[in-house]
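Undergrad: First, the structure itself, so that you have it in front of you.
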Amino acid sequence: MSSKKRIAATKFPGQRKPEKTVGDLGKVLPNSGNSADRICWRFTHVDHDGPWGLAKLSPAEMEYLLKKLADVEKQTVREIFNQSADLGKHYETHDLPSKAAQERLVELQLSDMTRISRLRFKGKERLFGFLVDNVFHVVWWDPEHEIWPSQKRNT
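Its first residue numbered 8, the sequence shown is counted upward by one per residue in my numbering.
Here's what the structure looks like:
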């Protein structure tokens with residue numbers, strides 16, 4: 008083999024053969040069959056600088072939150088918001104009792120949104136965002152239940 012042919016043969020190592028297929032997506036990526044029904048996350052509208060911004064989380068707190076999100080995404084939107092009001096709930100944005108939250112929505116240019124959703128994890132911890140179909144657009148992490156405080160103890 009001449010040196011030119013050797014270079015040509017090794018120019019694209021690992022090149023996939025055209026007849027090779029990826030295979031059954033369900034086997035490659037378990038639990039992907041009902042992905043369109045299950046909740047998933049978007050972080051485009053996260054409030055980084057406000058009082059409930061994710062930027063304030065420590066690495067341990069961020070790890071905790073990500074584990075919680077992974078647990079919740081095993082469920083469908085219907086399971087979260089229709090069958091378990093304890094986990095998921097929707098509120099009208101104009102009814103937000105926290106004036107700071109309403110003002111923050113204006114600053115984030117999200118004040119035109121009419122409904123905000125929340126996920127309750129444990130005790131006081133809440134995640135707020137906007138639910139569009141099965142996509143939860145994360146906005147705030149509220150570990151002290153300040154955005155929509157409850158009159159009940161320990162919630």
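Using N, Cα and C, we set each Cβ at its ideal position, and we do this for glycine too.
What did DSSP end up calling Phe50 once you bin it into helix, strand or coil?
TA: Along the sequence shown, read from residue 1 onward, the residue named residue 50 stands at position 43. Reduced to three states, the DSSP call for Phe50 is coil.
Undergrad: Going straight from the alpha carbon of Lys75 to that of Phe137, what length do you get?
TA: Here residue 75 corresponds to residue number 68 of the sequence shown, with the count starting at 1. Here residue 137 corresponds to residue number 130 of the sequence shown, with the count starting at 1. Going by the C-alpha atoms only, they are around 18 Å apart.
Undergrad: Please classify Lys96: does DSSP put it in a helix, a strand, or coil?
TA: The residue labelled residue 96 in the question sits at position 89 within the sequence shown. Correct three-state label for Lys96: strand.
Undergrad: Hey, could you find the ends of the alpha helix (DSSP H) Asp78 is sitting in?
TA: Along the sequence shown, read from residue 1 onward, the residue named residue 78 stands at position 71. Element bounds for Asp78: 66 to 79.
Undergrad: Identify, in the order they occur along the chain, each residue of the same chain with its Cβ nearer than 6 Å to the Cβ of Trp147, setting aside the five sequence neighbours on each side.
TA: Here residue 147 refers to the residue found at position 140 when the sequence shown is read from its first residue. For Trp147, where only same-chain residues beyond five positions count, the Cβ hits under 6 Å are Asp54, Trp59, Phe135.
Undergrad: Can you give me the start and stop residues for the beta strand (DSSP E) that Ile87 sits inside?
TA: Residue numbering aside, residue 87 sits at position 80 when the sequence shown is read from its first letter. Looking at the DSSP string, Ile87 is not in any beta strand (DSSP E); the run it does join, the alpha helix (DSSP H), is 84 to 88.
Undergrad: Assuming Arg111 and Gly57 form a contact by the criterion Cβ under 8 Å, report the distance between their Cβ atoms to the nearest whole angstrom.
TA: Translated into the one-based positions of the sequence shown, residue 111 becomes position 104. Translated into the one-based positions of the sequence shown, residue 57 becomes position 50. Yes, they are in contact, since the Cβ atoms of Arg111 and Gly57 sit about 5 Å apart, within 8 Å.
Undergrad: Going by Cα to Cα distance, which pick from Leu117, Glu151, Leu64, Glu132 is closest to His144?
TA: Position 137 of the sequence shown holds residue 144. Taking only the C-alpha atoms, the option nearest His144 is Leu117.
Undergrad: Please report the residue range of the alpha helix (DSSP H) in which Arg111 lies.
TA: Along the sequence shown, one-based indexing puts residue 111 at 104. It spans 106 to 114 - the alpha helix (DSSP H) in which Arg111 sits, taken as one unbroken run.
Undergrad: If you draw a straight line from the C-alpha of Pro156 to the C-alpha of Ser105, how long is it?
TA: Here residue 156 refers to the residue found at position 149 when the sequence shown is read from its first residue. Here residue 105 refers to the residue found at position 98 when the sequence shown is read from its first residue. Roughly 8 Å separates the two Cα atoms.
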